[in-house]
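K.L.:
Residue numbers (the working numbering): 55 to 405.
Using N, Cα and C, we set each Cβ at its ideal position, and we do this for glycine too.
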Amino acid sequence: MNTTPPPDIIRSAYAELIVSDLAASRAFYVGVLGLVVTFEDDDAIYLRAFEEYLHHSLVLRRGPVPALAALAYRVRSAADVETAADYYEELGVRVERRAPGATRGIGAAVRVADPLGFPIEFFYDAEHVERMTRRYDVQGAGAISRLDHFNIVTPDVPAARDYYARLGFRVSEDIQDDDGVVYAAWMFRKATVHDIALTGGAGPRLHHIAFATHERSQILHICDHLGTLRESDRIERGPGRHGVSNAFYLYLLDPDGHRIEIYTHDYYTGDPDNPVVTWDVHDNQRRDWWGNPVVPSWYANASTVLDLDAHPMALTERTEAAESDVTIGADGFSYTRRDDAETGFKLGTQV
Ligand SMILES: O=S(=O)(O)c1ccc(O)c(O)c1
Ligand SMILES: [Fe+2]
55 MNTTPPPDII RSAYAELIVS DLAASRAFYV GVLGLVVTFE DDDAIYLRAF EEYLHHSLVL
115 RRGPVPALAA LAYRVRSAAD VETAADYYEE LGVRVERRAP GATRGIGAAV RVADPLGFPI
175 EFFYDAEHVE RMTRRYDVQG AGAISRLDHF NIVTPDVPAA RDYYARLGFR VSEDIQDDDG
235 VVYAAWMFRK ATVHDIALTG GAGPRLHHIA FATHERSQIL HICDHLGTLR ESDRIERGPG
295 RHGVSNAFYL YLLDPDGHRI EIYTHDYYTG DPDNPVVTWD VHDNQRRDWW GNPVVPSWYA
355 NASTVLDLDA HPMALTERTE AAESDVTIGA DGFSYTRRDD AETGFKLGTQ V
């Protein structure tokens, strides 16, 4: 166990995605989602949402293999960047110090190959740009406010949970079965349901990046907009209401298949005794409060993750049961009412 304390992580702050066609990605992230371009050139586009004043919360970088290049957390001070370096050096993983400007708009940073196989960056200093909170002259009906969370696929959820707990994250909700198998967990540093979610499966892979809107109507507008463009095939799952987190949600697939969630209306978790909510993996309302089934691709597909040398990470398979096998399959028809074994099954009873 580390003798060096962990860095004081404030929140999930930005993601760097490799995309194969910058123009096509720009049409989606700017043309449909309405994210604001802070800077762009032939190699990359730096994007932010309307309430954000740091240089970016998403970098789209042109490259041969669509993948995740980095997930970045903001820490509370420049000293915490040094603490992050010490913490991960003591863990014995690869640690790279990055000079100011190594990523445009970001100051001195540390990028590590974390124990789960993800390229994780810690930074504090970053360029401030116009915060467009009140720029209603340019916000569309689907205006996105801010980055909210990362969701990663990793084979051993309890091990990942314990690793993030040592970094100071707390669990808000999780999904288990009666034998204590943990299928997913949601963990936070900022006082909402999560900054990081851990999805059990072959990993390391990126499941999604989520942005928050203020209102459900903004999510519905994005759906209508995609319909008008005849791009409704970008809608993978939702809109709907989550059980876990209670958020209203929509999952979209970008031109490379990276999954982006638009999310609103989760809840405050900031008190020290915030109760953990544990869901039964057979509860049909855990992932969609209205009981709508989860499309199989949502369980199966996720983005490749690059190592610090930009090589795709090899995957480690999950050894415990997969959620999609136990809930909608031969034996685990998800129930609507736990004590009602006769009715309420939405799948599996169709003839
Ligand atoms: O589908 S879940 O209700 O488990 C869920 C809850 C919150 C999220 O951010 C998410 O991606 C998925
Ligand atoms: Fe999410």
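Taking contact to mean at least 3 C-beta pairs separated by less than 8 Å, is the region 83-101 in contact with the region 161-175?
P.N.:
The answer is no - the region 161-175 does not touch the region 83-101, with fewer than three Cβ pairs under 8 Å.
K.L.:
Measuring alpha carbon to alpha carbon, tell me which of 245, 228, 64, 343 ends up nearest residue 300.
P.N.:
Numbered from 1 along the sequence shown, position 246 holds the residue referred to as residue 300. It is 343.
K.L.:
In terms of residues, what are the limits of the beta strand (DSSP E) holding residue 380?
P.N.:
In the sequence shown, the residue the question calls residue 380 occupies position 326. Here residue 380 belongs to no beta strand (DSSP E); instead the alpha helix (DSSP H) covers 377-381.
K.L.:
Grouping DSSP H, G and I as helix and E and B as strand, with all else coil, what is residue 85?
P.N.:
Locating residue 85 in the sequence shown gives position 31, counting from the first residue. Residue 85 falls in the helix class under three-state DSSP.
K.L.:
From 221, 214, 55, 119, pick the residue whose C-alpha is nearest to that of residue 74; which is it?
P.N.:
Taking the first residue of the sequence shown as position 1, residue 74 is located at position 20. Selected option, being the one with the closest Cα: 119.
K.L.:
Opposite residue 334 in the DSSP bridges: which residues?
P.N.:
Position 280 of the sequence shown, counted from the first residue, corresponds to residue 334. 230, per the DSSP bridge assignment.
K.L.:
Apart from the five residues on each side of it in sequence, which residues of its chain come closer than 6 Å, Cβ to Cβ, to residue 194?
P.N.:
As a first step, residue 194 is located in the sequence shown; it is residue number 140 there, counting from the start. Taken in chain order, the residues that qualify are 88.
K.L.:
Where does residue 312 sit, in a helix, a strand or coil, going by DSSP?
P.N.:
For this step, residue 312 is matched to residue 258 along the sequence shown. Residue state, collapsed to three classes: coil.
K.L.:
Can you tell me whether residue 273 is helix, strand or coil according to DSSP?
P.N.:
On the sequence shown, residue 273 is found 219 positions in, with the first residue counted as 1. Helix, per DSSP.
K.L.:
Counting pairs of Cβ atoms below 8 Å between the region 143-151 and the region 115-133, do you hit three or more?
P.N.:
With the cut-off at 8 Å, the region 143-151 and the region 115-133 do not touch.
K.L.:
Enumerated in chain order, which unbroken segments of the beta strand (DSSP E) with a length of 3 residues or greater are wholly contained in the region 190-244?
P.N.:
Segments of the beta strand (DSSP E) lying fully in the region 190-244: 200-208, 224-230, 236-242.
K.L.:
Give the range of the beta strand (DSSP E) segment to which residue 173 is assigned.
P.N.:
Reading the sequence shown from its first residue, position 119 is the one you call residue 173. First-last of the beta strand (DSSP E) with residue 173: 173-177.
K.L.:
Would residue 56 be called buried (16 or more neighbouring beta carbons within 10 Å of its own) or exposed?
P.N.:
Along the sequence shown, one-based indexing puts residue 56 at 2. By the neighbour-count rule (16 or more Cβ atoms within 10 Å), residue 56 is not buried but exposed.
K.L.:
Could you spell out the range, first to last residue, of the alpha helix (DSSP H) harbouring residue 410?
P.N.:
Beyond the ends of the chain as shown, which are 55 and 405, falls residue 410; an answer cannot be given.
K.L.:
Can you name, in chain order, every residue of its own chain whose Cβ lies under 6 Å from the Cβ of residue 176, other than the five neighbours on each side?
P.N.:
Taking the first residue of the sequence shown as 1, we reach residue 176 at position 122. These residues qualify, in order along the chain: 61, 127, 129, 135, 138, 164.
K.L.:
Checking 8 Å against the spacing of the C-beta atoms, do residue 71 and residue 99 come in under that value?
P.N.:
The count along the sequence shown starts at 1 and reaches residue 71 at position 17. The count along the sequence shown starts at 1 and reaches residue 99 at position 45. No. Outside cutoff.
K.L.:
If you measure from the CB of residue 203, is any heavy atom of ligand 2 nearer than 7 Å?
P.N.:
Within the sequence shown, residue 203 is the residue found at index 149, counting from 1. It does: the Cβ of residue 203 is within 7 Å (strictly closer) of some heavy atom of ligand 2.
K.L.:
Give me the Cα-Cα distance between residue 248 and residue 324, rounded to the nearest whole angstrom.
P.N.:
Here residue 248 corresponds to residue number 194 of the sequence shown, with the count starting at 1. Here residue 324 corresponds to residue number 270 of the sequence shown, with the count starting at 1. Cα-Cα distance, rounded: 11 Å.
K.L.:
Does the beta-carbon of residue 253 have 16 or more other beta-carbons within 10 angstroms, so that it is buried, or is it exposed?
P.N.:
Mapped onto the sequence shown, residue 253 falls at position 199. Answer is buried; the Cβ neighbour count reaches 16.
K.L.:
Answer yes or no: the CB of residue 126 versus the heavy atoms of ligand 2, is any distance below 7 Å?
P.N.:
Numbered from 1 along the sequence shown, position 72 holds the residue referred to as residue 126. No, since every heavy atom of ligand 2 falls outside the 7 Å radius drawn around the Cβ of residue 126.
K.L.:
Hey, would you say the C-beta of residue 251 is under 7 Å away from at least one heavy atom of ligand 2?
P.N.:
In the sequence shown, the residue the question calls residue 251 occupies position 197. Checking the Cβ of residue 251 against ligand 2 gives yes.
K.L.:
So, at 7 Å on beta carbons, what are the nonlocal neighbours of residue 352 in its own chain, with the 5 sequence-adjacent residues on each side left out?
P.N.:
To locate residue 352, count along the sequence shown from 1; it is residue 298. The answer, listed in chain order, is 290, 291, 305.
K.L.:
Is residue 83 close to ligand 2? I mean its beta-carbon at under 7 Å from any heavy atom of the ligand.
P.N.:
Here residue 83 refers to the residue found at position 29 when the sequence shown is read from its first residue. Flag unset: Cβ of residue 83 not near ligand 2.
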